[in-house]
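All residue numbers for the sequence shown refer to full-length UniProt numbering, where the first residue is 1 and numbers rise by one. Note that beta-carbon positions come from the ideal geometry of N, C-alpha and C, so glycine has one too. Read through the structure below, which is laid out as structure tokens, and then see the notes.
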Amino acid sequence: MRGGGYRSGPRGRGGFVSGPSFPMRPPPFDVHLANDIFVRINENNDTQLTQDVVARATALTPSDSERATVAALVLKVKTAIDKVMNTPDCVPGVKFEDYREVGSFKKDTALTGHTVADIVIVMQTLPTFEAVAALGNKLAEEVRAQKEVISCVSRDYGCLLAAANAQVRILITTLPSNAPNLEQDLHLPERVMMINHHAIRHVIWFEEATLQSPFKMLVRVLKDIRRRYTGLQPLSVWVIEYLAHFAVMNTSNRQPLPLGPAFRRVFEALSTGIFLPGSPTLFDPTEPGMRIAYDLSFEDMDLVCSTAQTLLRVICNGGHAAVLGTDPSKLGIDLSKEVSVWNGVAVSPLEVAYTEDCMKPKFCEADEALEQEIIRA
1 MRGGGYRSGP RGRGGFVSGP SFPMRPPPFD VHLANDIFVR INENNDTQLT QDVVARATAL
61 TPSDSERATV AALVLKVKTA IDKVMNTPDC VPGVKFEDYR EVGSFKKDTA LTGHTVADIV
121 IVMQTLPTFE AVAALGNKLA EEVRAQKEVI SCVSRDYGCL LAAANAQVRI LITTLPSNAP
181 NLEQDLHLPE RVMMINHHAI RHVIWFEEAT LQSPFKMLVR VLKDIRRRYT GLQPLSVWVI
241 EYLAHFAVMN TSNRQPLPLG PAFRRVFEAL STGIFLPGSP TLFDPTEPGM RIAYDLSFED
301 MDLVCSTAQT LLRVICNGGH AAVLGTDPSK LGIDLSKEVS VWNGVAVSPL EVAYTEDCMK
361 PKFCEADEAL EQEIIRA
């Protein structure tokens with residue numbers, strides 16, 4: 001974004017630092033991009049896998065009553081926001097630039113039982129803790145005037161408006177030009193507001209990308225797997241959404257991949273180390289030049305890769321139902337941490353590859369002595 005701040009990450013005296021650079025490896029082989037060259041021998045029943053993925057996505061979809069409950073509360077909150085925006089000095093120290101509904105409810109990727117919606121409010125003024133709390137209380141007051149029992153609780157992202165059966169998170173951000181004026185002890189955290197600001201871009205991209213693509217069902221399935229496997233939890237929802245889009249839409253013939261093969265392809269991509277240092281990665285379509293998942297730590301990169309490799313072995317040996325969460329005998333079991341047997345094949349968890357010093361250059365004693373002499377000089 002223009003105006004300073006919020007482009008790639010938190011500000012610093014020397015600007016954003018993307019971290020150490022590593023030699024770039026060639027892209028891994030992707031059979032879905034080489035169908036015209038390699039005739040694939042299909043040993044797996046992709047039709048059954050697709051049916052199981054669709055069935056799981058359907059089971060994870062919120063009921064009509066859940067959707068109606070959240071939608072009703074969102075409408076009341078948006079009505080309250082409009083009233084506050086159109087009333088000058090309604091909340092002292094608060095001026096609005098805009099607001100937008102974001103998040104899984106807006107994208108229609110929410111999981112059943114998750115009755116939470118998200119609204120980003122962009123403030124023209126600097127978002128102090130006191131001003132944000134006052135705004136939340138005012139919104140709650142206006143919603144109560146619409147005969148809704150609701151409470152307001154301050155959060156690091158803004159505030160939470162909670163009714164009996166649904167909640168709306170008010171995500172606060174400000175104009176990028178205000179970033180240099182933020183103070184740590186006075187205003188909401190800059191990193192949090194950066195994430196909130198990016199949520200607006202993400203929902204705009206998502207709405208455009210889903211016009212002719214069925215990948216929303218895959219997003220729902222992957223989000224459920226992520227919450228059940230701790231090794232995948234470092235991945236943000238945005239990363240999961242873009243991975244799902246990549247797996248479905250990035251094909252040689254430009255035709256969407258069926259959800260079964262696309263489901264397996266997500267784990268294939270993660271297993272190749274797509275987010276490891278030096279790997280050819282995916283770039284953020286809403287932030288040109290930025291890698292997807294750029295903020296993963298080395299430990300998280302290793303954890304995600306090893307977890308995906310273990311789960312991919314389970315999937316390829318007939319255990320996809322267990323990964324999907326539809327195998328009753330494997331419910332509550334983290335297959336990435338325990339040995340499991342599928343059609344006579346034992347799948348064991350992988351050991352940690354990353355250690356604290358493994359990314360440091362390896363010097364011989366002569367090199368280290370020379371380095372010390374240079375430092376002393």
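Its chain contains Leu232, Gln233, Leu235, Ile240 as the residues whose beta carbon lies nearer than 7 Å to that of Arg226, once the 5 sequence neighbours on both sides are disregarded; these appear in chain order. Residues of the same chain with a CB within less than 6 Å of the CB of Ala353, apart from the 5 flanking positions on each side, are Asp302 in chain order. According to DSSP, residue pairing for Ala162 in a beta bridge involves Ser151, Gln167.
Annotation for Asp224: no beta strand (DSSP E) segment contains it, though the alpha helix (DSSP H) segment containing it runs 215-228.
DSSP, read as helix, strand or coil, puts Glu241 in helix. Per the C-alpha coordinates, the member of Gly260, Gln124, Leu311 positioned closest to Ala179 is Gln124. Exclusion of the five residues before and after Lys337 leaves Pro349 as the residues of its chain whose Cβ lies within less than 7 Å of its Cβ. Beta-bridge partners of Ser340 (DSSP): Val347.
In the DSSP annotation of this structure, the continuous segment of the beta strand (DSSP E) that includes Asp98 starts and ends at 96-102. For Ile119, the enclosing beta strand (DSSP E) starts and ends at 116-123. The shortest C-alpha to C-alpha distance from Thr173 to any of Pro127, Val149, Glu299, Pro261 is the one to Pro127. Pairing Val266 with Leu243 gives a Cβ-Cβ distance under 7 Å. Rounded to the nearest angstrom, the Cβ distance from Val31 to Thr109 is 27 Å, too far for a contact under 8 Å. DSSP places Phe29 outside both helix and strand once states are collapsed to three, so it counts as coil. According to DSSP, Arg376 shares a beta bridge with no other residue. With respect to the 7 Å criterion, Asn317 and Val345 are classified as neighbours on the basis of their beta carbons. Residues Ala162 of the same chain have their beta carbon placed closer than 6 Å to that of Ser151, with the five preceding and five following residues left out of the count.
Secondary structure of Ile204 (DSSP, three-state): helix. Cα atoms of Glu351 and Thr310: separation of roughly 10 Å, rounded to the nearest angstrom. DSSP lists Ile121 as the bridge partner or partners of Ile172. CA-CA distance, Trp342 to Val323, rounds to 12 Å. Arg56 is a Cβ neighbour of Thr326, given a cutoff of 7 Å. At a Cβ-Cβ threshold of 7 Å, Ala199 and Val102 count as neighbours. Using a 10 angstroms sphere on the CB of Leu186, the tally of other CB atoms stays under 16, which defines it as exposed. Assigned with DSSP and collapsed to three states, Phe267 falls in helix. The alpha-carbon of Pro285 is positioned some 11 Å away from that of His245. Its chain contains Lys76, Thr79, Ala80 as the residues whose beta carbon lies nearer than 8 Å to that of Gln146, once the 5 sequence neighbours on both sides are disregarded; these appear in chain order. The beta carbon of Lys83 lies closer than 7 Å to those of Glu142 in the same chain, with the five residues before and after it left out. The Cβ atoms of Asn196 and Val314 do not sit closer than 7 Å to each other. Look at Thr61 here: in three-state DSSP terms it is coil, with no helix or strand label.
Here Arg291 carries a strand assignment [DSSP, helix/strand/coil]. For Ala110, there is no enclosing alpha helix (DSSP H), as DSSP gives it neither H nor E. Cβ contact annotation for Lys95 (same chain, cutoff 7 Å, sequence separation greater than five): Met123, Gln124, Thr125, in chain order.
Its Cα nearest to that of Asn253, the residue Ile37 stands out among Met217, Phe298, Ile37.
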